[in-house]
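Colleague:
2 protein chains.
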Amino acid sequence: MQIADVPAGISLGETVGPQVYRLLRRRIIQAELLPGERLSESEVAKTLSVSRQPVREAFIKLSEEGLVQVLPQRGTFVTKISVAAVMDARFVREAIEADVVRLIAESREPDAVDELRRQVVEQKKVPHNDRSAFLRLDELFHHTLAASAGKSYAWNVIESVKAQMDRVRFLSVDDMHVTRLIDQHERIVEAIATNDQAGAEQAMRLHLREILNSLPEIAGSRAELFDRS
Amino acid sequence: MQIADVPAGISLGETVGPQVYRLLRRRIIQAELLPGERLSESEVAKTLSVSRQPVREAFIKLSEEGLVQVLPQRGTFVTKISVAAVMDARFVREAIEADVVRLIAESREPDAVDELRRQVVEQKKVPHNDRSAFLRLDELFHHTLAASAGKSYAWNVIESVKAQMDRVRFLSVDDMHVTRLIDQHERIVEAIATNDQAGAEQAMRLHLREILNSLPEIAGSRAELFDRS
DNA sequence: TGCGATTAACTGGTATGGTAGTAGGGTAGG
DNA sequence: CCTACCCTACTACCATACCAGTTAATCGCA
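If you read the protein sequences in the order shown, they are chains A and B.
Going by the working numbering, the letters in the first sequence line up with residues 947 to 1175, in that order.
Going by the working numbering, the letters in the second sequence line up with residues 947 to 1175, in that order.
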């Protein structure tokens, strides 16, 4: 969820374009920049004290992820959250991660299981009200799964696709829900530990379908953030 | 495989950046631009009679697909084909398309099956020596599958991921192989027609694993195009 | 002749200038 | 009063200029 602390401004050590991209991406996902809001190349550039050029590159990349819409000679706008887009992204993610856990369960690596178990313990320690801490650990967990399967490229795809889902998850405030998600993590890990490929796959699919439960509710209560649906 | 005819130059009707991107992408996949070759922003710009700006945007997008590598202050180079990258891409593609055909087989749509059968017939008509014609139809076939499942976004992901595989496929010249691929298409369609989800999934997975057979041979015979392996 | 330091040419990254095109407000005409 | 037009202000897109950093070749010296 890219919750990782990002400097508020722009640092000089790295190229500017990607920095602007990550900054805007985080602000869109965290709903600081609201759907429908207008973003101007020159305005953003002025605010961040950079030129329009890197801002433009950031806009292009954001538009490829579906977070903004660039209308030539008209303006660039934060997209409203599209239920269809969220479900499409979820579908792709489920497909990939289902095969990932299958792969891990097949070629068991005790080290990976140990690390995953350790992470689940860590997740349980998180205070129930600290949502962003959990989201960070959740991202780490799924990333570790992909890495354990030796599929770090697949993780890149997931990370890009995840953006749409993360926008929704950030709005989801029900804290009690977190324990449920951690339980699901635990089931995935234990299925992997016992080389239960089908079980691991099913557990993962179930886990990633959780968002389908909360989505309609959120889309209803925060209708102004969603694309007509 | 983006074999679709692309104008040799740059037209004025559309924004320039994406045009340059598609042009270079096609030339890399078709091995007109060879792995290791140096691409200069200014040189490409001069050749196409555009400014460096859109060329730069194209380079960025190509680097995200892993087709070029941008080394700041040093140069931009066409990446060598990486066997690992091809297999990673293949893994992601298999995961997504496996779920796609499952979905179609589940919710049978006679129209889709008819269209797919028609396409298979068309594929059989292609002369055995016209490789690019088959590759076009193959791309259409897989695109139609995704569209039939209502997952056009998933197709976008596949299209991006496919680039690495297409570089290899373009080098694969064994014509006889084509009939085998068409047979596999046929099996996929017939499994869908009988609502055989598991069968369709397995047929698709087998189909997408074909490249694993030819990959080692190609990587051996055209070693200069591949990253040390 | 061989080797090291210097420099000139070139790279991508950033900043800025210029252009076609859109949108919206205000005004003139019916 | 309503409508149609124009004009201004803004947009993203493209082109150009400048910069820091890398590379490689050449020149000077041992």
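Glycine included, every Cβ here is placed at the ideal spot set by N, Cα and C.
Note that the coordinates shown come from a computational prediction; the quantities given were computed from them, not determined experimentally.
Assuming the contact rule is C-beta atoms closer than 8 angstroms, B:A1051 and B:A1137 should be a hit. Round their C-beta distance to whole Å, please.
Modeller: With a Cβ gap of about 6 angstroms, B:A1051 and B:A1137 count as contacting.
Colleague: Distance cutoff 8 angstroms, beta carbons only. Does B:E1105 sit that close to anything in chain A?
Modeller: Closer than 8 angstroms: no.
Colleague: State buried or exposed for B:G982, treating a residue as buried only when at least 16 other CB atoms are found within 10 Å of its CB.
Modeller: Answer is exposed; the Cβ neighbour count stays below 16.
Colleague: Quick one, which residues of the stretch 972 to 995 of chain B are near chain A if we go by CB-CB under 8 angstroms, in chain order?
Modeller: Those residues of the stretch 972 to 995 of chain B that come within reach of chain A (Cβ to Cβ, closer than 8 angstroms) do not exist; the list is empty.
Colleague: Classify B:V1114 as helix, strand or coil using the three-state DSSP reduction.
Modeller: Correct three-state label for B:V1114: helix.
Colleague: Return helix, strand or coil for B:V1016, following the three-state DSSP convention.
Modeller: If DSSP states are grouped into helix, strand and coil, B:V1016 belongs with the strands.
Colleague: Among A:Q1110, A:T1125 and A:L980, which has the Cα closest to the Cα of B:Y1099?
Modeller: Measuring from the Cα of B:Y1099, the nearest candidate turns out to be A:Q1110.
Colleague: Rounded to a whole number of angstroms, what is the C-alpha to C-alpha distance between A:V1103 and B:G963?
Modeller: Near 23 angstroms, if we compare the C-alpha coordinates of B:G963 and A:V1103.
Colleague: Can you list, in chain order, the residues of its chain with a C-beta nearer than 7 angstroms to that of B:P1000? Leave out the 5 residues immediately preceding and following it.
Modeller: The residues are V962, G963 and V966.
Colleague: Would a check of beta-carbon distances place A:P1018 closer than 8 angstroms to chain B?
Modeller: A:P1018 counts as touching chain B.
Colleague: Examine chain B for any beta-carbon lying closer than 8 angstroms to the beta-carbon of A:F1005, and answer yes or no.
Modeller: Not an interface residue.
Colleague: Can you tell me which of the three DSSP states B:A1030 falls into?
Modeller: Here B:A1030 sits in helix by DSSP.
Colleague: Between the Cα of B:T1140 and those of B:L1117, B:S1053 and B:E1156, spot the shortest distance and give me the residue it belongs to.
Modeller: The residue with the shortest Cα to Cα distance from B:T1140 is B:S1053.
Colleague: Relative to chain A, which residues along the stretch 1029 to 1043 of chain B have a C-beta separation below 8 angstroms, given in chain order?
Modeller: For the stretch 1029 to 1043 of chain B, which is checked against every Cβ of chain A, the residues closer than 8 angstroms are A1031, D1034, A1035, F1037, V1038, E1040, A1041 and I1042.
Colleague: In the stretch 1108 to 1142 of chain A, which residues sit with their C-beta less than 8 angstroms from some C-beta in chain B, listed in chain order?
Modeller: So nothing in the stretch comes that close.
Colleague: Can you name the residues of chain B whose CB is closer than 8 angstroms to the CB of A:D1045?
Modeller: Within 8 angstroms Cβ-Cβ: F1037, E1040, A1041 and A1044.
Colleague: Using a beta-carbon distance cut-off of less than 7 angstroms, what residues from the stretch 1088 to 1101 of chain A approach chain B?
Modeller: Within the stretch 1088 to 1101 of chain A, the residues whose Cβ lies closer than 7 angstroms to some Cβ of chain B are K1097, Y1099 and A1100, listed in chain order.
Colleague: Alpha helix (DSSP H) containing A:G1145: first to last residue?
Modeller: Unbroken alpha helix (DSSP H) run through A:G1145: Q1143 to L1154.
Colleague: Is DSSP giving B:V996 helix, strand or coil here?
Modeller: In the structure shown, B:V996 sits in coil (DSSP, three-state: anything other than H, G, I, E or B).
Colleague: Return helix, strand or coil for B:Q948, following the three-state DSSP convention.
Modeller: Caution applies to B:Q948, whose pLDDT of 39 falls short of 50 and renders its modelled position unreliable; the value that the coordinates give is listed next. Three-state result, B:Q948: coil.
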